[in-house]
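*Asks:* Input: one structure, supplied below.
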């Protein structure tokens, strides 16, 4: 059974529909990428899965149960966590307070201290900045905090929306390096990226979105083939599903 | 002179409490709750009606009743408007405000109901040549205790952390598992408790209550939250304090010209906002809610 199984998902804001056909299958522990140009509906797709955008039709099954239309605060408790675009950390709160907020989404509160200890092991920089205001961290550190904050809820599936946004190349390497470690801990990951190469080299499969549709699924081998990638990305040639 | 300062401090504390009650709700749901004045009014009505049961019981009933009405507002009206914009919420709160004023008129009558609440509050204490009113001292103590209590709650508890998070970015707070309805409901309950405290002080000063009892202080407290910086709880309390203290000082300095107190107050408000358009304490994390 897939961890996450989504079919025919449609969503938008008010009368403006953005997502016309979102579908994805994620197996436990898998790392799946989603790429596509600006305005392709990637963030809306993730938002609809996390409950922050209300889907208008389609189905979302997480661990065999339908979660479509559930509230974000309930979905995170089921083990599906989203790190939204632009990190969205609480800049006025301390690093520790940000992490403590992440604990809100845990179903089992007893392991809280252990969970915090584990993520600070994964992101040592957070331990040394524990009492600092999160707004004083660098961009890369803030991104790490945002990921760590989502991880303390011990999600089975972690969704990251453009983790590379606004980060320098070396910092991006650091952030992406951690993804494999998270995966090794048994957490499945979906990463939305505009920089296709970045994600395709680490993901087992990468979906290509355009104009609100998932247009193609590329394997890691496909990623090395520039023409295949370009065709899927820009819509030249035939769409392949 | 000492009395003037004490009056300013007690007025400041009182308006600070009112502004904090409004600021709490504004923080978590971007609602400027004009019906906060009607919460203050119900607190005063409940106290005057039940004062024969003894002051402690009367206060408990007033606090519980006001908090209950605040929660009822949220559950019956505002909860249904979660997806609506701030302007819709604002108009809705006007509606709730007017509805409650008319309801009080029907239930309690349009004329003031008087009652003696804690008459010892109006007594004076003498220090040699200077006399000061007991009420101003007790109001300062009450305000300090409540502001300190709220501060502890907001800064040092998990619930407070969730309220702060929800105040700065509600969507993200929900993504982390913060239960929106719970946090908003609690904010309303706390604003009700603060309204009851304001009602207690006001009703001991005025000795009567009418349907428009809470309107004046609410409008001025709203001005206070704007001066203090919308979206910041500290700012709300501070702004409320500034407005209250200023009015009190203007009233004593202007003497026979005190009708112009409000003119001067609003001139000062305009100057403050010209210099600091986002308020005295601007909340950097404050986000316009979509």
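Chains as they are written, first to last, in the working numbering: chain A, 1 to 241; chain B, 1 to 290.
Quick reminder that beta carbons are idealized off the backbone N, C-alpha and C, glycines included.
A quick note: this is a predicted structure, and the numbers were derived from the prediction, not measured.
Can you list the alpha helix (DSSP H) stretches of 4 or more residues lying completely in the segment 166-253 of chain B, in chain order?
*Replies:* With a minimum length of 4 residues, the continuous alpha helix (DSSP H) runs that stay inside the segment 166-253 of chain B are 170-175, 180-206, 215-228.
*Asks:* Residue 290 of chain B to residue 273 of chain B, Cα distance in whole Å?
*Replies:* For residue 290 of chain B, the predicted structure reports a pLDDT of 41, less than 50, and the residue's modelled location is therefore unreliable. The matter cannot be settled from this model.
*Asks:* Residue 1 of chain B to residue 14 of chain B, Cα distance in whole Å?
*Replies:* The straight-line gap from Cα to Cα measures roughly 20 Å.
*Asks:* I'd like to check one pair, residue 46 of chain B with residue 101 of chain A: are the Cβ atoms closer than 9 Å?
*Replies:* No, these two residues do not count as a Cβ contact at 9 Å.
*Asks:* Run through chain A and tell me which residues come within less than 8 Å of residue 118 of chain B, C-beta to C-beta.
*Replies:* Those within 8 Å of residue 118 of chain B in chain A number zero; the least Cβ separation is about 39 Å.
*Asks:* For the alpha helix (DSSP H) containing residue 56 of chain B, list its first residue and its last residue.
*Replies:* Where residue 56 of chain B is concerned, the enclosing alpha helix (DSSP H) stretches over 55-76.
*Asks:* From residue 287 of chain B to residue 166 of chain B, what distance separates their C-alpha atoms?
*Replies:* Caution is warranted here: a pLDDT of 49 is assigned to residue 287 of chain B, below 50, making its placement in the model unreliable, and the coordinate value is therefore given only provisionally. Their backbone Cα atoms lie some 11 Å apart in a straight line.
*Asks:* In chain A, which residues lie less than 9 Å from residue 205 of chain B when you measure between Cβ atoms?
*Replies:* Here the premise fails: no neighbours, minimum Cβ distance about 37 Å.
*Asks:* Give a yes or no on whether the minimum CB-CB distance between residue 158 of chain B and chain A is below 9 Å.
*Replies:* Yes, residue 158 of chain B counts as interfacial toward chain A.
*Asks:* Cβ of residue 158 of chain A within 9 Å of Cβ of residue 188 of chain A?
*Replies:* Against a cut-off of 9 Å, the Cβ pair of residue 188 of chain A and residue 158 of chain A comes out as a contact.
*Asks:* What does DSSP give as the partner residue(s) for residue 9 of chain A in the beta ladder?
*Replies:* Per DSSP, A:22.
*Asks:* Please identify the residue among B:62, B:28, B:19 whose C-alpha is closest to the C-alpha of residue 162 of chain B.
*Replies:* The residue with the shortest Cα to Cα distance from residue 162 of chain B is B:28.
*Asks:* Give, in chain order, every residue of the segment 149-177 of chain B whose Cβ lies closer than 8 Å to some Cβ of chain A.
*Replies:* Per Cβ criterion, the list reads 158, 161, 162, 164, 165, 168, 169, 171, 172, 173, 174, 175, 176, 177.
*Asks:* Can you list the alpha helix (DSSP H) stretches of 4 or more residues lying completely in the segment 21-78 of chain A, in chain order?
*Replies:* Counting only runs of 4 or more, we get 42-50, 72-78.
*Asks:* Are the CB atoms of residue 203 of chain B and residue 18 of chain B nearer to each other than 9 Å?
*Replies:* Result no, Cβ atoms of residue 203 of chain B and residue 18 of chain B do not sit closer than 9 Å.
*Asks:* Residue 193 of chain A CB to nearest chain B CB: under 9 Å?
*Replies:* By this cut-off, residue 193 of chain A is not an interface position.
*Asks:* Pick out whichever of B:7, B:106, B:110, B:83 has its Cα sitting closest to the Cα of residue 291 of chain B.
*Replies:* Within the shown structure, residues of chain B are numbered from 1 to 290, placing residue 291 of chain B beyond reach of any answer.
*Asks:* Check whether the segment 75-85 of chain A and the segment 116-132 of chain A touch, using three or more Cβ-Cβ pairs below 8 Å as the test.
*Replies:* Not touching, per the Cβ criterion.
*Asks:* Shortest alpha-carbon distance to residue 220 of chain B belongs to which of B:208, B:212, B:247?
*Replies:* Comparing Cα positions, the closest option is B:247.
*Asks:* Could you tell me how far apart the beta carbons of residue 245 of chain B and residue 20 of chain B are, in whole angstroms, since I believe they sit closer than 8 Å?
*Replies:* Residue 245 of chain B to residue 20 of chain B, Cβ: 15 Å. No contact.
*Asks:* For the candidate residues A:25, A:178, A:90, A:201, whose alpha-carbon lies nearest to that of residue 62 of chain A?
*Replies:* Residue 62 of chain A has its Cα closest to that of A:25, out of A:25, A:178, A:90, A:201.
*Asks:* How would you list, in chain order, the residues of chain B whose beta-carbon sits under 7 Å from the beta-carbon of residue 72 of chain A?
*Replies:* Near residue 72 of chain A (Cβ distances below 7 Å), the residues of chain B are 174, 175.
*Asks:* Rounded to a whole number of angstroms, what is the C-alpha to C-alpha distance between residue 87 of chain A and residue 156 of chain A?
*Replies:* About 20 Å.
*Asks:* Check distances from the C-beta atoms of the segment 74-106 of chain A to those of chain E and list, in chain order, the residues that come in under 7 Å.
*Replies:* The structure shown contains no chain E; its protein chains are A and B.
*Asks:* Okay, do the segment 125-137 of chain A and the segment 91-109 of chain A touch, 3+ Cβ pairs below 8 Å being the bar?
*Replies:* The answer is yes - the segment 91-109 of chain A touches the segment 125-137 of chain A, with three or more Cβ pairs under 8 Å.
*Asks:* Hey, out of B:215, B:270, B:26, B:164, whose CA is closest to residue 227 of chain B's CA?
*Replies:* Among B:215, B:270, B:26, B:164, the Cα nearest to that of residue 227 of chain B is on B:270.
*Asks:* Nearest-angstrom Cα distance between residue 42 of chain A and residue 16 of chain B?
*Replies:* The straight-line gap from Cα to Cα measures roughly 45 Å.
*Asks:* So, using beta-carbon positions, are residue 51 of chain A and residue 64 of chain A closer together than 9 Å?
*Replies:* Taking 9 Å as the Cβ cut-off, residue 51 of chain A and residue 64 of chain A do not qualify as a contacting pair.
*Asks:* For chain A, check one thing: does any of its Cβ atoms lie closer than 9 Å to the Cβ of residue 30 of chain B?
*Replies:* Chain A, which has no Cβ nearer than 9 Å to the Cβ of residue 30 of chain B, makes this no.
*Asks:* Of all Cβ atoms in chain B, is any one closer than 9 Å to the Cβ of residue 52 of chain A?
*Replies:* Cβ-Cβ to chain B under 9 Å: yes for residue 52 of chain A.
*Asks:* Keeping to the same chain, check which residues put their C-beta closer than 6 Å to that of residue 103 of chain A; ignore five residues upstream and five downstream.
*Replies:* Same-chain partners within the cutoff: 112, 152.
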